[in-house]
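Protein chains: 2
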Amino acid sequence: MTQSTSPETASGQEALPRQHRQYTIGELAKMFEVTPRTIRFYEQEGLLAPRREGQKRIYHEKDRVRLKLTLRGKRLGFSLGEIREVVMMYDAMPDGNARQLRRLLEILAEKRANLERQLEDIRLMRMELDDVDHRAREVLRGLGHEA
Amino acid sequence: MTQSTSPETASGQEALPRQHRQYTIGELAKMFEVTPRTIRFYEQEGLLAPRREGQKRIYHEKDRVRLKLTLRGKRLGFSLGEIREVVMMYDAMPDGNARQLRRLLEILAEKRANLERQLEDIRLMRMELDDVDHRAREVLRGLGHEA
DNA sequence: CAAGCACTTTACGTTAACGTCAACCTCGTC
DNA sequence: GACGAGGTTGACGTTAACGTAAAGTGCTTG
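Residue numbers (the numbering used here), protein chains in the order written: chain V, 1 to 147; chain F, 1001 to 1147.
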């Protein structure tokens, strides 16, 4: 179940030249287990900018990667706004002026600091989980022996 | 600035026996850089249960630790509900029945899995930040030389 | 051609996690 | 005894990140 879109979708795609692969909104949605609504929302927030073919949105590799990064950022607790900051500046880099670039470096430093703190938080949280786990198991053992 | 409450607050506390330390809501708030409102909200959500002295809330070490854990959980993206699940079950452990304990172990496993994924996310995110960083620096160097 | 499916826009609804404001107590102190 | 610094309880406001429902477009399939 949940076929996902890895096996050729039995449409007109054979040994696709890779990189030119296109996706519909529904395909991307299944791929990442989000709803189309979410994807449209990210577009509205300036995180994606798929081409249009008539009305319909057409997504390419670049869009897919962006979505992937966006979701990863979300899992790490970044807001869509923060994610946009980095992603957009990254795109604007080649012709970016010095001020923009420095600003980008600043943001990156912030993010990195954030990640480091999260690492520490995870370390601590793990220890506490271990602790609770041990206690729970011990109590369970106790229950087993007494009954 | 931001005196925080580490130095004796010049009240009636001298060489405090540690552990019996009490806190007002405002003290805790400053300590953790949250507002009193936030702390009251956490209480309302069942995450804290300070004693009362008349009207006023009095917090002890245990409450402080709980708040600390709660905020750490938040930084890791857990919802208050999730945090409550673990914290409350932890408190109910000693006299917990087997089913409850097993349920607790389940939850812990979930949380741990979550943390592992976050670790991986952080690893990847770091690499990408490094990448963007390098590119930005290079572009900056280029700008310096040409002008 | 009618039905069904995937897509579209528009717009209002929802939830979590607080912020903000009003109106009130209760100290110590000037 | 007025006052300011903290504390208290409502109660309503706000923001982010979507969910959900309505109403329409376009293809292809029985």
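Note that beta-carbon positions come from the ideal geometry of N, C-alpha and C, so glycine has one too.
Considering only DSSP beta bridges, list what residue i is partnered with.
i	result
Tyr-1023 of chain F	F:Tyr-1059
Glu-53 of chain V	V:Lys-56
Between which residues of its own chain and residue i is the CB-CB distance below 7 Å, once the five residues before and five after are set aside?
i	result
Pro-1036 of chain F	Ile-1025, Gly-1026 and Ala-1029
Among the candidates the options, whose CA atom is the shortest distance from the CA of residue i?
i	options	result
Val-139 of chain V	F:Glu-1053, F:Asp-1121, F:Ala-1092 and F:Arg-1075	F:Ala-1092
Arg-1112 of chain F	F:Pro-1094, F:Thr-1038 and F:Val-1086	F:Val-1086
His-1020 of chain F	F:Val-1034, F:Val-1065, F:Gly-1073 and F:Glu-1061	F:Glu-1061
Glu-1128 of chain F	V:Arg-126, V:Tyr-90, V:Asp-133 and V:Leu-143	V:Tyr-90
Leu-1105 of chain F	V:His-145, V:Ile-39, V:Arg-40 and V:Arg-135	V:Arg-135
Arg-64 of chain V	V:Asp-121, V:Met-31, V:Arg-141 and V:Leu-119	V:Met-31
Ala-98 of chain V	F:Ile-1107, F:Arg-1123, F:His-1145 and F:Arg-1040	F:His-1145
Met-88 of chain V	V:Gly-46, V:Asp-121 and V:Glu-110	V:Gly-46
Leu-1108 of chain F	F:Glu-1033, F:Arg-1084 and F:Thr-1038	F:Arg-1084
Leu-1076 of chain F	V:Glu-82, V:Leu-101, V:Val-132 and V:Leu-115	V:Leu-115
Lys-1074 of chain F	V:Arg-102, V:Arg-117, V:Arg-137 and V:Leu-101	V:Arg-117
Val-1132 of chain F	V:Val-34, V:Phe-78 and V:Arg-103	V:Arg-103
Met-137 of chain V	F:Gln-1100, F:Thr-1038 and F:Glu-1110	A small correction: the amino acid at residue 137 of chain V is Arg; Met does not occupy that position in the sequence shown. Selected option, being the one with the closest Cα: F:Gln-1100.
Arg-141 of chain V	F:Leu-1119, F:Pro-1094 and F:Thr-1038	F:Pro-1094
Glu-1110 of chain F	F:Glu-1082, F:Glu-1120, F:Asp-1121 and F:Ile-1122	F:Glu-1082
Go through its chain and collect everything with a Cβ distance to residue i's Cβ below 6 Å, but skip five positions before and after it.
i	result
Lys-59 of chain V	The identity of residue 59 of chain V in the sequence shown is Tyr, whereas the question assumes Lys. Closer than 6 Å at the Cβ level, and outside the excluded window around Tyr-59 of chain V, lie Tyr-23, Leu-28 and Pro-50.
Arg-1072 of chain F	none
Glu-8 of chain V	For Glu-8 of chain V, the pLDDT reaches just 38, beneath the cut-off of 50, and the residue's location in the model is therefore unreliable, although a value from the coordinates is still provided. Taken in chain order, the list of residues that qualify is empty.
What does the Cβ neighbour count give for residue i, buried or exposed, with the cut at 16 atoms within 10 Å?
i	result
Arg-57 of chain V	buried
Gly-1054 of chain F	exposed
Asp-130 of chain V	exposed
Leu-48 of chain V	buried
Gln-44 of chain V	exposed
Met-125 of chain V	buried
Leu-1143 of chain F	exposed
To which residues of the same chain is residue i closer than 8 Å at the C-beta, ignoring the five residues directly before and after it?
i	result
Tyr-1042 of chain F	Leu-1048, Leu-1067, Thr-1070 and Leu-1080
Is any non-hydrogen atom of the ligand MN found closer than 7 Å to the C-beta of residue i, if you look at the structure I gave you?
i	result
Arg-21 of chain V	The ligand content of the structure shown is nil, which means the ligand MN is not present either.
task = Please go through the segment 1063-1120 of chain F and give each complete beta strand (DSSP E) segment of 3 or more residues, from N-terminal end onward.
result = DSSP runs (the beta strand (DSSP E)) wholly in the segment 1063-1120 of chain F: none.
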